[in-house]
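For reference, each letter of the sequence shown is one residue, going 1 to 493 in the UniProt record's numbering. The C-beta atom is built at its ideal place from N, Cα and C for all residues, glycine as well. Report on the following structure.
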Amino acid sequence: MSTTQRPAAEQVVLDAVPKQLYIAGEWRDGAGGETVAVDDPATGETIAEVADATPEDALAALGAAHDTWYGGWRDSAPRDRSDILRRAYEAITDRADDLALLMTLEMGKPLGESKAEIAYGASFLRWYSEEAVRLDGRFTMHETGSGRLLTMKQPVGPCVFITPWNFPLAMGTRKIGPAVAAGCTMVVKPAKLTPLSMLMLAKILEGCGLPGGVLNVVTARSSGPVMEPVIRDPRTRKLSFTGSTEVGRKLIAQSAERVLRVSMELGGNAPFVVFDDADVDDAVKGAMVAKMRNVGEACTAANRFHVAQPIADEFARKLAAKMEGLKIGRGTEEGVGVGPLIDEEQLEKVDELVQDAVAKGARLLCGGERVAGPGHFYKPTVLVDVPAGARLLEEEVFGPVAPIRAFASEDEAIAAANDTEFGLVAYVYTADVKRALRVTERIEAGMVGLNQGFVSNAGAPFGGIKQSGIGREGGPEGIAEYLDTKYVALATD
Ligand code: NAP
């Protein structure tokens, strides 16, 4: 659709975004001269056109990352890298309102949530600015007393980052922060649905003194053909991907040929388990956070609720009341709690999963349909008596839908929670400390929210097991992904 007259404040933030590729410190058009439209998911209107990179453009970006790394960035002073990240953290924080508006325009989430993502995304730059000057190694005596063992950490080199649309800034800074701190260079390809936040981040980092060629950004309509040659190129030393398990599998296969080092932050199917000793109101509060953050379009979103039989009805009733009370609308409007889903395809998928559950016998307590009119809005939905075999329980919903099942015992709850190929995060509500320990140990997930519906934190290792991924982002583990270990055997005799 064409661009229409929009509020001046919105046009100002859109105009501030560079719309070209960022390669070797220069902003330039794609070699083919084509562009990709970016649409507002609340209205379907086009809000910007960004450059459409060709495979040659992406290889040029890799060339810049390669030359900049060998040209000196790998030996750059940690304090300089730290200062750049710290300045970028402050610049983003100073401009949080504009960046949040930009994010809401391209991705749809309510402004309050965009602000939360800006703060979360920026926190990785601050955290890793503090890590950049703390990189260390080991020096030990050989067990015989003769000779020494020196272990050093070195940056892995030029990296390729591919990020999704659901957290357009933070999924970039979780990689860029530690990679810059470690002394790596990079090519970043954001999702075509939400490239504007990443382009704006590149402009901010440039303004904060990041040398040209350290960070290169390519936007593209056809991510597969554009990125595959880059992934297969021997100059690439590391691939870090955040997105679906389906695409992750393909990228692992492409990486296998050269045994390319990979980090994979993939899909989830988070169980939210509530035991009968839990405070129901507290669990409902946590459920709203775990379910409705990002309108349910989060890898950490509670995908299914397993609630102890004696409190299942009360929990479902209270959750439905909260869900029904949320205001649906464009994310820029005051008081909106539910923005649009990202596109028509996502909306149709969510509805299909709900209708599948209903056809198999689930009962709707609220929602269960799209909102008529423009934009991709779906009503917050709660389903009870969801039978085993409903696709909702097995697939990542990525929408404001809460399926609830009752359980009779702790063993049954754990078995149900683990009955998935995914293992990103699980939420557990219980007031019993011994049970909390038992259950968190047996849950098959990389992260557990214990009596809380939110786990993301720059200082903590975020990531999954099973088909939810490989590697961690955040905390000391997050920078280890960008460092190689070299051991030197030293003779003393
Ligand atoms: P997606 O379809 O897998 O896309 C992710 C990124 O990969 C986008 O930049 C996409 O580009 C690109 N891409 C798609 N096909 C590709 C290919 N063949 N080669 C190279 N790049 C390719 O995922 P999404 O729909 O954007 O994001 C939602 C998914 O991300 C969910 O499954 C969610 O759970 C997961 N996620 C995981 C985490 C985590 O930390 N574990 C965090 C956030 C999201 P285009 O879109 O431009 O085609």
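Check	Outcome
Whole-angstrom C-beta distance between residue 315 and residue 354, which should lie under 8 Å	Their Cβ separation, rounded to whole angstroms, is 19 Å, which puts residue 354 and residue 315 out of contact at 8 Å.
Runs of alpha helix (DSSP H) wholly within the stretch 78-114 (minimum 4 residues, chain order)	78-94 and 96-107
Selection from 298, 447, 382 and 180 that minimises the alpha carbon distance to residue 326	382
Residue 296 classed as buried or exposed, judged by whether at least 16 other C-beta atoms fall within 10 angstroms	buried
For residue 175, the nearest candidate out of 262, 361, 294 and 400 (CA to CA)	262
Assigned secondary structure, residue 28 (DSSP; H/G/I helix, E/B strand, else coil)	strand
Under the three-state DSSP convention, the category residue 452 falls into	coil
Sufficient close CB pairs (3 or more, under 8 Å) joining the stretch 15-31 to the stretch 55-71	yes
Continuous alpha helix (DSSP H) stretch holding residue 349: start and end	344-359
contact_flag[the stretch 343-362, the stretch 247-258] where n(CB pairs < 8 Å) is 3 or more	no
Start-end ranges of the beta strand (DSSP E) lying completely within the stretch 22-75, minimum 3 residues	26-28, 35-39 and 46-51
Inter-residue Cα distance where the pair is residue 53 and residue 32	7 Å
Where the beta strand (DSSP E) containing residue 241 begins and where it ends	238-242
Beta-carbon proximity check, residue 524 vs residue 469, cutoff 9 Å	As shown, the chain starts at 1 and ends at 493. That puts residue 524 outside it, with no answer to give.
heavy atom of ligand 1 below 8 Å from residue 246 C-beta	yes
DSSP-derived helix/strand/coil call for residue 5	coil
Option nearest residue 130 by Cα separation, candidates 106, 387, 458 and 481	458
Rounded separation between residue 302 and residue 324 - CA only	18 Å
Sub-9 Å separation of residue 108 and residue 41 beta-carbons	yes
Cβ neighbour criterion (16 or more within 10 Å) applied to residue 346	buried
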